[in-house]
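Engineer: For the sequence shown, the numbering used here gives the first residue as 39, with consecutive numbering after it.
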Amino acid sequence: MSMFTHIVVGTNDPAASAAFYDATFAALGIAGNRAGDASYYGSYETGFLSVNRPRDGQPATFANGGTIGLAAASQSEVDAWHAAGLANGGSDEGAPGRRDMGENKLYGAYLRDPVGNKLAAFTTNVED
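(1) Quick check: the stretch 52 to 66 against the stretch 115 to 127, are at least 3 beta-carbon pairs closer than 8 Å?
(2) Taking valine 164 as the reference, which of Val153, Ile45, Gln96, Ala109 has the closest Cα?
(3) How would you label threonine 49, buried or exposed, when you count the other beta carbons within 10 angstroms and need 16 or more for buried?
(4) Would you mind sorting alanine 158 into buried or exposed? The rule is 16 or more other CB atoms within 10 Å of its CB.
(5) Here's the rule: buried if 16 or more other CB atoms are within 10 angstroms of the residue's CB, otherwise exposed. What is aspartate 130?
(6) Please tell me whether glycine 104 and threonine 43 are closer than 8 Å, where the distance is taken between their beta carbons.
(7) Output the distance between the C-alpha atoms of aspartate 94 and alanine 133, rounded to the nearest integer angstrom.
(8) Tell me whether glutamate 131 sits in a helix, a strand or coil according to DSSP, three-state version.
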């Protein structure tokens with residue numbers, strides 16, 4: 039059983055967000071879907087991330103201190119994810135590299151999407 043059913047991040051620019059998330063999720067092998075101007079990645083079975091305008095009609099803002107972590111299969115997927123994000127309106131929050139935690143070998147990178155949401159992609163499949 040998955041820990042999460044879904045994660046939703048807000049956007050004030052659905053087109054820019056769709057371009058960013060389509061590219062970054064494609065780098066992880068995950069296709070995007072649409073419902074109106076909302077974008078969806080993943081499934082009900084595995085959990086999904088949705089990007090859309092806030093339902094309350096107010097402007098979207100990003101979480102201060104919040105990060106959405108995504109799983110990558112390899113270091114090259116992390117690199118591709120980061121490059122795809124930069125090429126599609128994202129900004130660097132931490133270039134790809136080793137980020138070991140104790141004995142846990144990790145390789146990851148951080149981005150902000152076009153509207154400021156912070157994301158990370160990490161793999162435990164680390165080359166020594």
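Glycine included, each C-beta is placed from N, C-alpha and C at the ideal position.
Structural biologist: In terms of the structure at hand:
(1) As far as the Cβ criterion goes, the stretch 115 to 127 touches the stretch 52 to 66, which means the pair count is three or higher.
(2) Nearest C-alpha to valine 164: Ala109.
(3) buried
(4) buried
(5) exposed
(6) No, these two residues do not count as a Cβ contact at 8 Å.
(7) About 35 Å.
(8) Three-state DSSP puts glutamate 131 in a strand.
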